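The opening position of the sequence shown corresponds to residue 36 in the working numbering, with each subsequent residue numbered one higher.
Don't be surprised by glycine CBs; every beta carbon is placed ideally from N, CA and C.
Here the structure is a predicted model, which is why all the values come from computation and not from measurement.
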Amino acid sequence: MKKERTRAKEMILLFVLLAFFLRVAALSIVPDPSKPPMQTSILVDLIGIVDRYLLPVHKSGERPSGGADLWEGSLAQKIRDEVVLTKLAELGLSEESKPPLPRVSLFPSGKLEEQEKKMILENSRFYRELGEIVYGKEQERKLFDVPGPKTSDAKGGTIPLPEDMEAQRIIAGLREAAKEEEAGKKSMATAALDIRGPAAGRKVSYLPPPLPSKPSMDGDYLLKFWIFPDGTVGKVVPLVKGDTPAVTAAIDHFKKFRFEPLPKGVAHVEQWGVIPATSVLR
Numbered sequence: 036m037k038k039e040r041t042r043a044k045e046m047i048l049l050f051v052l053l054a055f056f057l058r059v060a061a062l063s064i065v066p067d068p069s070k071p072p073m074q075t076s077i078l079v080d081l082i083g084i085v086d087r088y089l090l091p092v093h094k095s096g097e098r099p100s101g102g103a104d105l106w107e108g109s110l111a112q113k114i115r116d117e118v119v120l121t122k123l124a125e126l127g128l129s130e131e132s133k134p135p136l137p138r139v140s141l142f143p144s145g146k147l148e149e150q151e152k153k154m155i156l157e158n159s160r161f162y163r164e165l166g167e168i169v170y171g172k173e174q175e176r177k178l179f180d181v182p183g184p185k186t187s188d189a190k191g192g193t194i195p196l197p198e199d200m201e202a203q204r205i206i207a208g209l210r211e212a213a214k215e216e217e218a219g220k221k222s223m224a225t226a227a228l229d230i231r232g233p234a235a236g237r238k239v240s241y242l243p244p245p246l247p248s249k250p251s252m253d254g255d256y257l258l259k260f261w262i263f264p265d266g267t268v269g270k271v272v273p274l275v276k277g278d279t280p281a282v283t284a285a286i287d288h289f290k291k292f293r294f295e296p297l298p299k300g301v302a303h304v305e306q307w308g309v310i311p312a313t314s315v316l317r
């Protein structure tokens, strides 16, 4: 008797499953007139039908019936879960990761000095474009800036309008860079003259125009000189005695050089140095 009841339950379960799959097949073939047709696969339609007819009981929070209990852990649910996971994996793998952006460097490979890096940066297109942007914004601000009403103080004066702090900061940075560039040029001029001694650190502020006719010189004469704190050149003597016209012309020409004055807080004493006569007549 017990075996017959078990067999009857199995037959009922098989009949319910067969009826379910027949209904699913019929619904997948006959489209729903209330919804527009979509280009989807049969597996996706089956999953949608299962969600439409079996899951409302779980979503409403009610206790599932015996037929719903049969769905939990069944072969149909395992197939559905496997299909969903496969589709999600395919979607994840189909997304192409964007390649990293190439790194652009203004400086060539290799070790560079700070002065070389500064010269490369100032001659680059980026530096020129930045200057053009700052200049354009400054001109645009001057052209389109409408002055507001001036507020008078107690003495009858006016309070100045606030300036564009960002533009002022950029302009101040460009001016500072121009000053550093000028100082670098002066340092390069001092190094090009091949000055040695304590005066080698003094920057040249003025170079006289070259002589119209360069006198010929026999040998390489060294001139020792002294610079006053105000930057003028004092005594100049040759280290090797020679009274040639070239040495005399070099001494007279070098006395026209001017160096930057010593800053405040530094002992104002004369500084000496040595320079080749050929560098003066160059």
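Asked, Found
"Beta-carbon contacts of Ser251 that lie in its chain and below 8 Å, excluding the five residues immediately before and after", "Ala281"
"Cutoff 6 Å; reference Phe292; Cβ partners in own chain excluding five residues on either side", "Val268"
"Own chain, CB closer than 8 Å to Pro311, minus 5 neighbours either side, in chain order", "Asp229, Asp255, Tyr256, Leu257, Leu258"
"Pair within 7 Å by beta-carbon distance, Phe289 and Val315", "yes"
"Minimum C-alpha distance to Arg210 - residue among Pro296, Thr313, Glu157", "Glu157"
"Alpha helix (DSSP H) segment containing Glu286, residue limits", "Sequence inspection shows Ile at residue 286; the Glu mentioned does not correspond to that position. It spans 280–289 - the alpha helix (DSSP H) in which Ile286 sits, taken as one unbroken run."
"Secondary structure of Gly208, DSSP reduced to three states", "helix"
"Opening and closing residue of the alpha helix (DSSP H) in which Lys270 lies", "That residue, Lys270, is in no alpha helix (DSSP H); its beta strand (DSSP E) goes 268–273."
"Nearest residue (CA-CA) to Gly208, options Leu48, Gly166, Thr313", "Gly166"
"Three-state class that DSSP yields for Ile262 in the structure shown", "strand"
"Extent of the continuous alpha helix (DSSP H) to which Val315 belongs", "312–315"
"Close Cβ partners of Leu246 (< 7 Å) along its chain, the five nearest in sequence each way excluded", "Ala284, His288, Leu316"
"Presumed contact (8 Å Cβ cut-off) between His303 and Pro264, rounded CB distance", "4 Å"
"Which of helix, strand or coil DSSP assigns to Leu257", "strand"
"For Val239, the first and last residue of its enclosing beta strand (DSSP E)", "239–241"
"Opening and closing residue of the alpha helix (DSSP H) in which Ile155 lies", "149–157"
"Burial state of Phe50, where buried means 16 or more other Cβ atoms lie within 10 Å", "exposed"
"Same chain, Cβ closer than 8 Å to Glu305, five either side skipped, listed in chain order", "Trp261, Ile262, Phe263, Pro264, Gly269"
"Nearest-angstrom beta carbon gap, Ile286 and Val271 [assumed within contact, 8 Å]", "5 Å"
"Sheet register partners of Gln306 (DSSP bridge)", "Ile262"
"Distance between Leu120 and Ile114 (C-alpha atoms, nearest Å)", "10 Å"
"Whole-angstrom distance between Ala212 and Ile205, CA atom to CA atom", "11 Å"
"Neighbourhood of Asp116 by C-beta, 6 Å cutoff - its chain only, sequence neighbours within 5 removed", "none"
"Cβ-Cβ distance between Gly236 and Val309 below 7 Å", "no"
"Neighbourhood of Ala234 by C-beta, 7 Å cutoff - its chain only, sequence neighbours within 5 removed", "Ile262, Gln306, Trp307, Gly308"
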